Amino acid sequence: MTKLQHFGWFLARGFGPHGWGHPYLDWNYRWTNPDLYQESARALEQAGFDLVIIEDAPSLGSADTIDLRVRHAFGGPKLDPLLLAPYLFAATRHLGIAPTVNPAAYLPYTAARQFATLQHLSGHRLGLNVVTDTGSARHFGTAAQLGHDAAYDRAEEWLAGIRDLWRSWDDGALLEDTATGRYADGTRLRTVRHRGEHFGFDGPLNAVPFTDGEPSIVSPGGSGRGLGFAGANSDVQLALAPLDEASITAYRGRIHDAARAAGRSPDDIKVLFAIQPVIVSSPEEADRLVAASAHPDEAALTLIAQRQSSDLETDLTALDLDKPLDVGIFGDHVSQGSIRRLIGGHDASAPLRQVLAAHARLGRLSDGSGFVGTAAELADRIEELGTWGNDGVLLWGDLHPVTVHRMLDELVPILRRRGILRSEYTGGGLASNLAAF
Ligand SMILES: Cc1cc2nc3c(=O)[nH]c(=O)nc-3n(C[C@H](O)[C@H](O)[C@H](O)COP(=O)(O)O)c2cc1C
């Protein structure tokens, strides 16, 4: 049965050099100027999207690998998305904005106050994409770098502390009684005294309470610990999984189990699967693109090697493409999961050329082998996801008017006609829009 779904945009490059490496650079937007993002955000709001999630990495990584990140701007530079958010709020009225935030970077009291400020300024449209990247912690103090699960423990302590501060004004504390001249009742402000493993701070918070709910929490982690965090804490999960019924159902089931275990309802969390479609004008064009991708040229392979070099902080571009990849070059700093994703199903004797070529290969939306197709074919896929109970999708790309229009011009009318995409917002902010269906 067709049902309404939630739509978001995952700005995977973060607040970085949009357009770099693409012909649309010659549209002459400056990536450091808010116009580029404001114009895109307005288009997404017109399209009925719930939110934009802005990726971030505060660090350029280790000295040895900085050049790999900045050389083609795949991994940096990045400006702070939290400070871009007010410009996007000012340009829109309903769209939620969820910058990525790292618990290592903000002390809980500072975070609670800044986020409360943005929640008020935006009319309750703030989301926070809480990530647990551990490598950048060294920029923010002298605390030891944490392991994977410990970083989630710190994120939970941080978030619980922030929520305690947000809730430190009890009902009735804010009076705004012009007859008596009494603004607030200080006896109804709760003392917060937090002494935890990672943070120590006192409250109450110097901010007025929210009228339309707290900022929405987004999370992207896909490990068992990551899904547990999402079930217990998040309003939106940025989900990555193969888009077949078994995988979708299993992923959703794990989050829902974690939600129940934490005393929440599965309905409290919207699981949005991230997809990066390539929309073309006809099935024939899609077939041609997919067929051509089976034989990538040198330029296509080089581009993949450059991107992978940035992500894996290891220079693949200097290697002989016709020799097998020696996984010893990755050292300890690259996760086993990332190495497995690079190598795919290849055995150790496969030349690097073959490994990279597999990443260039595209598939068709129409047969479920990939994401190239027409807008109608994409709408079919999204509609099918809905029949499996899916809450929605996140489209993935630069937040650039060219990308946004290429993806949405034909798709939005089709989704609206089929009753999959909202035509109206609730008017109550992000949490209210997420809760509407
Ligand atoms: C789709 C997706 C988006 C992510 N976005 C960010 C990000 O913007 N910044 C960041 O530091 N980490 C990001 N992460 C990393 C996660 O926060 C987390 O550290 C990582 O996924 C490891 O956790 P996991 O093992 O639970 O997946 C992202 C992960 C995924 C899967």
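The numbering of the sequence shown is the working numbering, which starts it at 1435 and goes up by one.
Ideal Cβ placement from N, Cα and C applies to all residues, glycine included.
From a predicted model like this one, the values you see are computed outputs, not experimental measurements.
Rounded to whole angstroms, the gap between the alpha carbons of H1839 and A1477 is 8 Å. When secondary structure is reduced to three states using DSSP, G1823 falls in the coil class, being assigned neither helix nor strand. By DSSP's assignment, Q1671 forms a beta bridge with S1653, V1705. DSSP, reduced to helix, strand and coil, places W1454 outside both helices and strands of the structure shown, so it counts as coil. Taking 8 Å as the upper bound for CB-CB distance, A1546 and I1596 are in contact here, some 4 Å apart.
By the Cβ criterion, the region 1572-1579 is not in contact with the region 1648-1666, since fewer than three pairs of Cβ atoms, one from each stretch, lie closer than 8 Å.
Relative to the non-hydrogen atoms of ligand 1, the Cβ of P1457 never comes closer than 6 Å to any of them. Remark: the C-beta of L1516 is outside contact range of ligand 1, defined as less than 6 Å to any heavy atom. Y1617 sits in a strand when the DSSP states are folded into three classes. Your pair H1506 and G1455 checks out as a contact, with CB atoms roughly 6 Å apart and the cut at 8 Å.
Spanning the alpha carbons of D1702 and N1536 requires a straight line of approximately 23 Å.
For D1825, the closest of H1780, A1532, G1687 by C-alpha to C-alpha distance is G1687.
Under the three-state reduction of DSSP output, P1785 falls in the strand class. At a threshold of 6 Å, D1567 counts as near ligand 1, since its beta carbon sits closer than that to one of the ligand's heavy atoms. Checking the DSSP bridge columns, you'll see W1830 partnered with F1444. Cβ-Cβ separation between G1450 and P1511: approximately 6 Å, consistent with a contact (criterion under 8 Å). The Cβ-Cβ distance between L1599 and L1639 falls below 7 Å. Taking all protein chains in view, the Cβ of G1779 is surrounded by fewer than 16 other Cβ atoms within 10 Å, so the residue is classified as exposed.
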